[in-house]
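Note that the UniProt record's numbering gives residue 58 to position 58 of the sequence shown, counting from 1, and the numbers run on in steps of one.
What follows is a short report on a single structure.
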Amino acid sequence: MNERTALVTGANKGIGLHIARLLAAEGFTVLVGSRDAERGKRAVAEIGDAARLLLLDVTDAESIAAAAARVDRLDVLVNNAGVNPSLAPPTESDAAEFRRAYETNVVAVLEVTNAFLPALRRSPHPRIVNISSGTASLTWSTHPNPQFAPGAPGSAAYRASKAALNALTLLYAQTLSEEGFRINALAPGRRATDLVPGARTSGGDPAEAAEGAVHLALLPDDGPTGEFFSWDGTGVPW
Ligand code: NDP
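Laid out in structure tokens, this is it:
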């Protein structure tokens with residue numbers, strides 16, 4: 001085992017797989033979180049010797065408890081698993097879409113983080129990176145900037161859930177800063193993944209976004225905490 005261990009949730013594909021690969025290259029033992037064994041094994045084989053499969057459905061309390069019981073010490077937790085159940089604006093959204101988005105993008109982050117807290121507390125330099133979205137920035141939604149043109153207010157469930165994740169990020173950072181944690185949110189930019197229909201052809205390289213996550217995973221002890229960053233390291237307004 002390498003000395004440092006990182007867990008990336010939802011690491012069997014997309015941005016999470018790239019984050020896992022880069023953390024392995026940085027010398028971490030990487031726990032590849034996947035709710036599906038076969039998809040997880042394929043990712044582990046792609047990453048190589050530093051990767052281990054950790055079966056983890058972030059919306060299943062039993063799965064979270066079983067996964068946490070297997071990990072003694074954790075240095076980095078990347079809460080990456082996420083869903084975008086609907087592109088609808090609020091007027092056309094329903095409660096089921098909102099519940100699904102909040103379940104995975106917010107409640108699961110709370111449950112996973114708390115379950116792995118004892119292992120994180122055994123690290124001398126614990127880091128948590130929450131994969132958020134620039135579309136959750138209320139400031140960018142009202143004052144567009146070159147990185148993000150909000151357009152129509154679609155994906156209401158997703159964007160509201162990621163705004164709640166941002167709030168959770170700040171609250172965790174404030175709660176745990178005295179213990180040496182550095183906890184930040186990342187806006188990865190629009191990437192070519194399976195997250196939303198059409199993104200595979202219109203999004204940018206997910207590997208580039210992963211570099212931003214790894215930068216936050218490697219922050220020094222006096223690095224920022226409770227902040228929101230774009231993949232390129234620039235700050236994002238809440
Ligand atoms: P993908 O759909 O490619 O990957 C999502 C990952 O999350 C998959 O591995 C998926 O696993 C996993 N996942 C979903 N639900 C669960 C669950 N209940 N338990 C465990 N794993 C789960 O999308 P991306 O790579 O794009 O998304 C990664 C993160 O980046 C998300 O948080 C997303 O919101 C965020 N993001 C992405 C953007 C983009 O443009 N792509 C832009 C802004 C933010 P499975 O294969 O089993 O479904």
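We put the CB at the ideal spot given by N, CA and C, even for glycine.
Bear in mind that the values here come from a model prediction, so they are computed numbers and not experimental data.
Exercise for the section: Tell me whether P206 is buried or exposed, calling it buried when 16 or more other Cβ atoms sit within 10 Å of its Cβ. Expected result: Answer is buried; the Cβ neighbour count reaches 16.
Practice task
Could you tell me which residues DSSP puts in a beta bridge with A185?
Solution key: N130, F228
Exercise for the section: Provide the residue span of the beta strand (DSSP E) that contains L17, from first to last. Expected result: L17 -> not in any beta strand (DSSP E); alpha helix (DSSP H) instead, spanning 14-25.
Exercise for the section: To the nearest angstrom, report how far apart G198 and P85 are at their CA atoms. Expected result: Roughly 14 angstroms between the two C-alpha positions.
Exercise for the section: Starting from the C-beta of A50, find all residues in its chain whose C-beta is less than 7 angstroms away, skip the five residues before and the five after it, and write them out in chain order. Expected result: Closer than 7 angstroms at Cβ, skipping near neighbours: N2, A24, F28, T29, V30.
Handout entry: Cα-Cα separation, E178 to P220
Key = 15 angstroms
Problem - At least three beta-carbon pairs within less than 8 angstroms, the region 37-49 to the region 89-102 - result: no
Practice task
State yes or no: is the C-beta of A167 within less than 7 angstroms of the C-beta of S230?
Solution key: no
Problem - Cβ-Cβ distance between L120 and L74 below 7 angstroms - result: yes
Exercise for the section: Kindly identify the DSSP beta-bridge partner or partners of V76. Expected result: Beta-bridge annotation (DSSP): V76 is paired with A6, R127.
Handout entry: Residue environment, residue 245, which counts as buried when at least 16 other CB atoms sit within 10 Å
Key = Only positions 1 to 238 of the chain appear in the structure, and residue 245 is not among them; the question remains open.
Practice task
May I ask you to report which of helix, strand or coil DSSP gives G40?
Solution key: helix
Practice task
Tell me whether G10 counts as near the ligand NDP, meaning its Cβ is closer than 6 angstroms to at least one heavy atom of that ligand.
Solution key: Checking the Cβ of G10 against the ligand NDP gives yes.
Exercise for the section: Counting only the same chain and skipping the five closest in sequence on each side, list residues whose C-beta sits under 6 angstroms from that of P90. Expected result: The answer, listed in chain order, is A156.
Practice task
Please look up how many angstroms separate the CB atoms of T104 and A81, rounded, as I've assumed it's under 8 angstroms.
Solution key: 6 angstroms
Exercise for the section: In angstroms with no decimal places, state the Cα-to-Cα distance between H143 and W238. Expected result: 12 angstroms
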